[in-house]
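**Q**
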Amino acid sequence: MAQLIKLQDYVSRYEKDMIRYPSQYVRLKKQQWTKIKQQWEDGGVYLNEEEIQRFKEEVEGKDGILKRFKKILVRHEEEPEVEEEPDESDDLSFEPSVYYKPETLDDLKHLYLDQLLQFQLKWASSTLTEKSYVDSKYHRDDHLKFFLQRFPDTFLLMYEPILLLKKAPVELEVLLFTPTALWCISLLDQGEDTVFVGSTERFWKVKKGESEHTQLNPLISLDRTASILQQIFDKNDVDFTIHKAVFSRTGYVDFPDIPYGYKVIDKRSIQKWHEQQRTMSSPFKHMQMKAARSIIEYAQTTSVKRMQWSEADEELLGEHEE
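Positions in the sequence shown are counted from 1; adding 76 to them yields this note's numbering.
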């Protein structure tokens, strides 16, 4: 599962330490997977209050599903409550919950990855001293879910990042740092089987059924993004390949004579491209980390201080977070 190192302009722990947190995330993910897998094999059910409440809300009114899990929920509610002092750092821990028994190991993996995805949104928008308020749309964003759940742990993702350049905010395309290259990806999504007719003109045609309209040529934004990134790389002595791609998971891009230096990834080619990336077994690379760090240093951040921490405490928190 790829790592979300920057989401929009939300605070990111990776801004603090690009070397430490990627490996810490991988350890956490493996440890919790081993734990939940063992519970599943032993026939046990791990219950977490937040997950149970969320599950109740999801199945409210769905009698058939609710009956299926009634015994689990009732057993949980009958357990005596233990009052604990609130801990604002609780949302920085990850405790996966099995609130039903998956039939197969693959079912368990899907359950685990879905919970890990929600944790990643917290992980990528908070630290022990700061937090940002995440727009609810990202919890339902299929593209974000695809990039996080379908790639290896050694892939680093910046999703709709905003950089602060010469005191002006600039929103970039999706950035996917593989161990060997950076992919700048322009997302094209206007519904199933939409056809994007590419050209070198300022506008592209977009066809869906009998309707047709135009949109701004995505290569313009890709060029701007790649140019900004290359300038930052040059300034920081980063030697890292930049790929530019237009990306449509559900539609088609009709551009047979696309200029050199761009790649089309659409419904016809996405599986092949994805397999090429996913099978990359390379560990984190020094230049990959250097490239990501050089970009994230320019990232704009909008956050609030956690009430129990003062600025004087921040340097003392690194060891506690391990």
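Positions of the beta carbon are idealized from the N, C-alpha and C atoms, including for glycine. All figures in this text were calculated on a predicted structure; none of them were measured in a lab.
1. Just grab the DSSP bridge partners of H362 for me.
2. I'd like to confirm the pairing. Which residues does DSSP put opposite K82 in its beta bridges?
3. In terms of alpha-carbon separation, which member of V102, Y86, M363 lies closest to Y214?
4. Using CA atoms only, rank isn't needed, just tell me which of R89, D299, D269 is closest to E286.
5. What are the residues that DSSP puts in a beta bridge with D299?
6. Beta strand (DSSP E) containing D183: first to last residue?
7. Indicate the three-state DSSP secondary structure (helix, strand or coil) for K92 in the structure shown.
8. Residues in the same chain with beta-carbon distance under 6 Å from V380, minus the five sequence neighbours each way, listed in chain order, please.
9. Y101 by DSSP, collapsed to three states: which one?
10. Using 8 Å for Cβ pairs, my map puts F272 next to V329. What's the rounded Cβ distance?
11. Could you compute how far the alpha carbon of S99 sits from the alpha carbon of T254?
12. Which parts of the segment 263 to 328 are runs of the alpha helix (DSSP H), unbroken and 4 residues or longer, counting only runs that do not cross its ends?
13. Given 8 Å as the limit, is there contact between the segment 298 to 312 and the segment 346 to 358, that is, 3 or more CB pairs closer than that?
14. Under 7 Å between the Cβ atoms of I372 and E91?
15. Suppose contacts are defined by Cβ-Cβ distances below 7 Å. Is M234 in contact with K339 by that definition?
16. How far does the alpha helix (DSSP H) with E351 in it reach, from first residue to last?
17. Could you name the residues of the same chain whose beta carbon sits closer than 7 Å to that of Q108, not counting the 5 residues immediately before and after it, in chain order?
18. Does Y97 pass the burial test, meaning 16 or more other C-beta atoms within 10 Å, or should it be called exposed?
19. If I measure Cβ to Cβ from Q364 and keep anything under 6 Å in the same chain, skipping five residues before and after, which residues do I get?
20. Taking the straight line between their C-alpha atoms, what separation do you get for R89 and A78?
21. Looking at the unbroken alpha helix (DSSP H) that takes in K221, where does it start and where does it end?
22. Which residues bound the beta strand (DSSP E) around Y338?
23. Would you mind reading off the limits of the beta strand (DSSP E) that contains F170?
24. What residue range does the beta strand (DSSP E) around P255 cover?
25. V250 bridges to which residues according to DSSP?
**A** In short:
1. DSSP, once it has assigned bridges, lists no residue as partnering H362.
2. M234
3. Nearest Cα to Y214 within the set V102, Y86, M363: Y86.
4. D269
5. DSSP, once it has assigned bridges, lists no residue as partnering D299.
6. Segment 181 to 199 is the alpha helix (DSSP H) holding D183; no beta strand (DSSP E) there.
7. helix
8. Non-local C-beta neighbours of V380 in its own chain, meaning closer than 6 Å and more than five positions away in sequence, are absent.
9. helix
10. 5 Å
11. The alpha-carbon atoms of S99 and T254 are separated by roughly 15 Å.
12. 294 to 311
13. no
14. yes
15. no
16. 346 to 354
17. These residues qualify, in order along the chain: F170, P172.
18. Buried: at least 16 other Cβ atoms inside 10 Å.
19. Answer for Q364: F253, P255, listed in chain order.
20. 16 Å
21. 218 to 225
22. 338 to 341
23. No beta strand (DSSP E) contains F170, which DSSP labels as neither H nor E.
24. Careful: P255 lies outside any beta strand (DSSP E) and carries neither H nor E.
25. I261
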